[in-house]
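A.B. asks:
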Amino acid sequence: MKELAQLYANTLPFSLLDDQERIRLFDQAEIKEFQINEYIISADEDTAHTNVHYFVAGVAKNFIYQANGKQVAVRYDYPGDFAGLLTLLTEGEMQIAVQASEKTKSIVFPKASFQQTMQQDSRFSQAILERISQLMKSLYEEVKYKTSDLTDRTEPALYKKRVSSFMERPVFIHPEETVYAAAELLKNAETEGIAVSRDKQEIEGMIGYRQIFDALKNGRLDAPVEQIMNKDYFFVQEHDFIYDALSYLKHHPAAAIPVLHRNRVVGFIRQSSLLSVSNSVYFELTYRVANADSIETLASLSPVNNKQFQSFIRQLVDERMYGYDIAELISSYNDRLHRQIIQLAEREMVMEGYGRPKINYCFIVMGSEGRKEQGFSTDQDNGIILDDYKELKHKEEIEVYFERLTEKINHMLDACGFPLCSGGIMAKEQKWRHSLSQWFETIDDWLRNLDAQEVRDFTIFIDFRPVYGDFDLAFKLRRKLTLAMQHASRLQPMLIRDTLQIRVPLQAFGRISTSTRNRHLNLKQSAMMQIVNAVRIYAVGYGVEDVHTIRRLHALTSNHHMSKNDSDTAAQALHELLLFRLKLNLQQLEAGEPLSTRISVKDLDKSEKQTLKNALAAAKGMQQGLELRLNRNRVNG
3 MKELAQLYAN TLPFSLLDDQ ERIRLFDQAE IKEFQINEYI ISADEDTAHT
53 NVHYFVAGVA KNFIYQANGK QVAVRYDYPG DFAGLLTLLT EGEMQIAVQA
103 SEKTKSIVFP KASFQQTMQQ DSRFSQAILE RISQLMKSLY EEVKYKTSDL
153 TDRTEPALYK KRVSSFMERP VFIHPEETVY AAAELLKNAE TEGIAVSRDK
203 QEIEGMIGYR QIFDALKNGR LDAPVEQIMN KDYFFVQEHD FIYDALSYLK
253 HHPAAAIPVL HRNRVVGFIR QSSLLSVSNS VYFELTYRVA NADSIETLAS
303 LSPVNNKQFQ SFIRQLVDER MYGYDIAELI SSYNDRLHRQ IIQLAEREMV
353 MEGYGRPKIN YCFIVMGSEG RKEQGFSTDQ DNGIILDDYK ELKHKEEIEV
403 YFERLTEKIN HMLDACGFPL CSGGIMAKEQ KWRHSLSQWF ETIDDWLRNL
453 DAQEVRDFTI FIDFRPVYGD FDLAFKLRRK LTLAMQHASR LQPMLIRDTL
503 QIRVPLQAFG RISTSTRNRH LNLKQSAMMQ IVNAVRIYAV GYGVEDVHTI
553 RRLHALTSNH HMSKNDSDTA AQALHELLLF RLKLNLQQLE AGEPLSTRIS
603 VKDLDKSEKQ TLKNALAAAK GMQQGLELRL NRNRVNG
């Protein structure tokens, strides 16, 4: 590699080395080529064995892995950039991966020899450390930007509560007390921060472990608190929504936030403050899901099996929280179960000798879970998007890997209370497991050849949503689908005809028509889906990308495609129908009965019957609107 050392003799940072050092470094290097979508560095790679790459051709994409299962592309590397520098400072696994975006070539330096060169040459070391510093700043800014809008819309009840419901008693220290005294107080009070105040009312600053550590490092434990306190602290007012505090705590988990009434400190908010309210059940369960290491544990935590979760949902129902908000919370909880199951399945693949996935992929959910409208009774509707791999040399191995992985995932989900789909809409089926390019082709084929039999599967697919992996794959597929559907003239009539096959069972004068002597009504088929289907059809026609029914309604209203009155009526009806379903399922779970969406109309009281009639009337009105639209198209056609 002597020629290579000479080639880069005038290129920073290698030009900082003398000839002998540079030749020694390059002698231990090798040139490697990577195909498109091939991993250069994988996220679970032990940093002890991660080499340093210097790119000489191509483009590479850097990903970070978030706790919610999402991969976020945070930066690109080009010729002249390094990959693997962060591993020089860390041990264990890093949640960062580097993947070739096109055919890429790099000079690969063994980590040990690269570190040795840094130790021997201070100028070279300084240049590399500066690059690492710039990289960390760049990653921080990118992560902050890319994740600023990714806060889960989970725990909707929690987000509607005020700070005053969660705050704890504040802890104060006088500004003239020493830092040492503050450290003792922090320890004894078991808190993350102390308010600096002369009168235990007006706050002058905050002191926490970071300020204590800085003082210790600089030998200033005897200094007065006022000299080292943080004057630029974050605070909330007692009547603010708790979401404001949560957003801050998400990025500063070790913080204590002062709660003010005007300019007077009345309390503190910290992460553990949330454990003092009824919603702590949700936090406890989600924590247990995230740390579960077996399918048996996850099965015990699933909504259909866990009494704590059921009791929590019953409380939200009793509080008359919006049915669609509760359904969204259940769906978000199920997302967490899915992500943990997928990670356990990946772990099993490694243990069985298959290794880690060699390409990016995205696991998607469809139907009610895609729309975040799940209750307790739900089977699986899912699929998988693979990064394009047909040009890779290990394509057969990749296909076998994902065939086996998806088989595991679907059966693990089944074991955790998500029954296998009787219609076969699951990632383990070839029809629902494609590369991105294959999915593009599948959409085109569907829209060209869609028939009455396929339209139901396609309807379920329309509502897909990513839950784990490279979300960019799902976003690309969503854009393709949205544009393709807008230009498919046959699609809207077929969707309308399909939903009109099941009529809303509301007769003249508000009489509810039931199919059995016991007067049972299928809430899902006869009512909920009529609203969901109608809103979806309008959303498809107007290019609305969101799949959540309520957010689709908001988008249609804000773009003047639907009146606010019609939108509010549909949302209220969906809320009531989802509440009926939740109450029914909770009763069935308590009685140990099979879950269903068939409600006994005769068992409803007068008020409940009227509420149901109003919801059915709204569903029927939407269905009639679709029928008018279909007939108008026939006349115009």
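Taking the numbering used here, I'd label the letters of the sequence shown as residues 3 to 639.
Even for Gly, the Cβ is constructed at its ideal location relative to N, Cα and C.
(1) Between which two residues does the beta strand (DSSP E) harbouring Ser108 extend?
(2) Assuming Arg521 contacts Ser598 (C-beta within less than 8 Å), just tell me the rounded distance between them.
(3) Tell me whether the beta-carbon of Arg573 lies closer than 7 Å to the beta-carbon of Leu555.
(4) Assuming Leu464 and Asp383 make a contact with CB atoms under 8 Å, what is their CB distance in whole Å?
(5) Express the C-alpha separation of Ser17 and Tyr10 in angstroms, rounding to a whole number.
(6) Kindly indicate which three-state DSSP category Thr13 falls into: helix, strand or coil?
(7) Should Ser127 be counted as a contact of the ligand GTP given a C-beta to heavy atom distance under 6 Å?
(8) So for Asp453, helix, strand or coil by DSSP?
(9) For Gln101, collect the residues of the same chain with a Cβ closer than 6 Å to its Cβ; drop the 5 residues on either side in sequence, then sort them by chain order.
(10) May I ask which residues mark the beginning and end of the beta strand (DSSP E) holding Arg467?
(11) Could you check whether Leu584 and Val367 sit closer than 7 Å to each other, using their CB atoms as the reference points?
(12) Look at the alpha carbon of Lys482 and the alpha carbon of Glu547, and state the distance between them as a whole number of angstroms.
(13) Could you give the distance in angstroms between the alpha-carbon of Val506 and the alpha-carbon of Glu592?
(14) Report the rounded CA-to-CA distance for Phe236 versus Val267, giving the unit in angstroms.
(15) Count the other C-beta atoms from every protein chain shown that fall within 10 angstroms of the C-beta of Ser491, then say buried if there are 16 or more, exposed otherwise.
(16) For a quick check, are the C-beta atoms of Phe643 and Ile344 less than 7 Å apart?
(17) What three-state label does DSSP hand Pro260 in the structure shown?
(18) Quick one, which of Val283, Arg458, Phe36 and Ala476 has its alpha-carbon nearest His645's?
(19) Relative to the alpha-carbon of Tyr324, which residue among Ile552, Leu606 and Arg634 has its alpha-carbon at the smallest distance?
(20) Alpha carbon to alpha carbon, how far is Pro359 from Ser302? Give it in angstroms, no decimals.
(21) Ignoring anything shorter than 3 residues or poking outside the segment 507-590, list the beta strand (DSSP E) runs there in chain order.
(22) Locate the beta strand (DSSP E) running through Arg600, then write down its first and last residues.
(23) Can you tell me where the alpha helix (DSSP H) holding Phe365 begins and where it ends?
(24) If Ser103 sits next to Ile38, beta carbons under 8 Å apart, how far is it from one beta carbon to the other, in whole angstroms?
(25) In terms of DSSP beta bridges, what is Ser437 paired with?
(26) So, are the CB atoms of Asn524 and Ser379 less than 7 Å apart?
(27) Would you call the CB atoms of Val54 and Met169 closer than 7 Å?
(28) Relative to the C-alpha of Tyr544, which candidate in Val534, His550, Ala557 and Thr408 has its C-alpha closest?
(29) Classify Asn190: buried if its beta carbon has 16 or more other beta carbons within 10 angstroms, exposed otherwise.
(30) Check for me: the beta strand (DSSP E) holding Arg272 runs from which residue to which?
(31) How do the segment 16-35 and the segment 119-126 stand: do at least 3 beta-carbon pairs fall below 8 Å, yes or no?
(32) With three or more C-beta pairs closer than 8 Å as the rule, is the segment 494-514 touching the segment 391-411?
(33) How would you label Lys146, buried or exposed, when you count the other beta carbons within 10 angstroms and need 16 or more for buried?
(34) What does the Cβ neighbour count give for Tyr284, buried or exposed, with the cut at 16 atoms within 10 Å?
(35) Rounded to whole angstroms, what is the Cα-Cα separation between Leu452 and Val542?
(36) Between the beta-carbon of Ala329 and the beta-carbon of Glu298, is there less than 7 Å?
C.D. replies: Here's the rundown:
(1) In the sequence shown, residue 108 corresponds to position 106, counting from 1. Thr106 to Phe111 is the span of the beta strand (DSSP E), which, as asked, contains Ser108.
(2) In the sequence shown, counting from the first residue as 1, residue 521 sits at position 519. In the sequence shown, counting from the first residue as 1, residue 598 sits at position 596. Actually they do not touch by this definition, with Cβ atoms about 15 Å apart.
(3) The residue given as residue 573 occupies position 571 in the sequence shown. The residue given as residue 555 occupies position 553 in the sequence shown. The question names Arg, but residue 573 is Ala in the sequence shown. Going by C-beta atoms, Ala573 is nearer than 7 Å to Leu555.
(4) Residue 464 sits at position 462 when you count from the first residue of the sequence shown. Residue 383 sits at position 381 when you count from the first residue of the sequence shown. Residue identity check: residue 464 is Ile in the sequence provided, not Leu. So it is not a contact: roughly 11 Å between Cβ atoms.
(5) Locating residue 10 in the sequence shown gives position 8, counting from the first residue. Locating residue 17 in the sequence shown gives position 15, counting from the first residue. So the alpha carbons of these two residues sit roughly 7 Å apart.
(6) The residue given as residue 13 occupies position 11 in the sequence shown. Coil at Thr13, not helix or strand.
(7) Of the ligands one can find in the structure shown there are none, so the ligand GTP has no counterpart to examine.
(8) In the sequence shown, counting from the first residue as 1, residue 453 sits at position 451. In this structure, Asp453 counts as coil in the three-state DSSP scheme.
(9) Taking the first residue of the sequence shown as position 1, residue 101 is located at position 99. Excluding sequence positions up to five before and after Gln101, its CB lies within less than 6 Å of the CB of Tyr41 and Lys63, all in the same chain and listed in chain order.
(10) As a position in the sequence shown, residue 467 is number 465, starting the count at 1. Looking at the DSSP string, the run of the beta strand (DSSP E) that includes Arg467 is Arg467 to Asp472.
(11) Position 365 of the sequence shown holds residue 367. Position 582 of the sequence shown holds residue 584. Cβ distance not < 7 Å, so Val367 and Leu584 don't count as in contact.
(12) Counted from its first residue, the sequence shown places residue 482 at position 480. Counted from its first residue, the sequence shown places residue 547 at position 545. Taking the straight line from one Cα to the other gives about 10 Å.
(13) The count along the sequence shown starts at 1 and reaches residue 506 at position 504. The count along the sequence shown starts at 1 and reaches residue 592 at position 590. It is roughly 29 Å from the alpha-carbon of Val506 to the alpha-carbon of Glu592.
(14) Working through the sequence shown from its first residue, we reach residue 236 at position 234. Working through the sequence shown from its first residue, we reach residue 267 at position 265. The straight-line gap from Cα to Cα measures roughly 13 Å.
(15) Sequence index remark: in the sequence shown, residue 491 carries index 489 (1-based). Exposed: under 16 other Cβ atoms inside 10 Å.
(16) Here the chain comprises residues numbered 3 to 639, so residue 643 is not present and cannot be evaluated.
(17) In the sequence shown, residue 260 corresponds to position 258, counting from 1. In this structure, Pro260 counts as strand in the three-state DSSP scheme.
(18) Outside the modelled stretch of the chain, which goes from 3 to 639, sits residue 645, for which no answer is possible.
(19) Within the sequence shown, the letter at position 322 stands for residue 324. Of the listed residues, the one whose Cα sits closest to Tyr324 is Ile552.
(20) Walking along the sequence shown from the start, residue 302 turns up at place 300. Walking along the sequence shown from the start, residue 359 turns up at place 357. In a straight line, the C-alpha of Ser302 is about 28 Å away from that of Pro359.
(21) You should have 522-524.
(22) What you label residue 600 is simply residue 598 of the sequence shown in a count that begins at 1. Arg600 -> beta strand (DSSP E) spans Arg600 to Ser602.
(23) The residue labelled residue 365 in the question sits at position 363 within the sequence shown. Unbroken run through Phe365 is the beta strand (DSSP E), Tyr363 to Val367; no alpha helix (DSSP H).
(24) For this step, residue 103 is matched to residue 101 along the sequence shown. For this step, residue 38 is matched to residue 36 along the sequence shown. The pair is a contact, with the Cβ atoms about 7 Å apart (cut-off 8 Å).
(25) Walking along the sequence shown from the start, residue 437 turns up at place 435. Note: Ser437 sits in a beta bridge opposite Leu388.
(26) Here residue 524 refers to the residue found at position 522 when the sequence shown is read from its first residue. Here residue 379 refers to the residue found at position 377 when the sequence shown is read from its first residue. With contacts defined by Cβ atoms closer than 7 Å, Asn524 and Ser379 do not form a contacting pair.
(27) For the purposes of this step, residue 54 is taken as the residue at position 52 of the sequence shown. For the purposes of this step, residue 169 is taken as the residue at position 167 of the sequence shown. Not in contact: Val54 and Met169 (Cβ atoms no closer than 7 Å).
(28) The residue you call residue 544 lines up with position 542 of the sequence shown. The candidate whose alpha carbon is nearest that of Tyr544 is Ala557.
(29) The residue you call residue 190 lines up with position 188 of the sequence shown. Counting Cβ neighbours within 10 Å, Asn190 comes out exposed, since fewer than 16 surround it.
(30) Position 270 of the sequence shown, counting from 1, holds the residue named residue 272. From DSSP, Arg272 is part of no beta strand (DSSP E); its letter is neither H nor E.
(31) yes
(32) The segment 391-411 vs the segment 494-514: no contact.
(33) Start at 1 with the first residue of the sequence shown, and residue 146 comes out as number 144. Reliability of the predicted coordinates at Lys146 is poor, the pLDDT of 49 falling under 50, and the value obtained from them is presented with this limitation in mind. Label assigned to Lys146: exposed.
(34) Here residue 284 corresponds to residue number 282 of the sequence shown, with the count starting at 1. By the neighbour-count rule (16 or more Cβ atoms within 10 Å), Tyr284 is buried.
(35) Along the sequence shown, read from residue 1 onward, the residue named residue 452 stands at position 450. Along the sequence shown, read from residue 1 onward, the residue named residue 542 stands at position 540. Distance between the alpha carbons of Leu452 and Val542: 16 Å.
(36) Counting from one through the sequence shown, the residue named residue 329 turns up at place 327. Counting from one through the sequence shown, the residue named residue 298 turns up at place 296. No, Cβ-Cβ distance for Ala329 and Glu298 is not below 7 Å.
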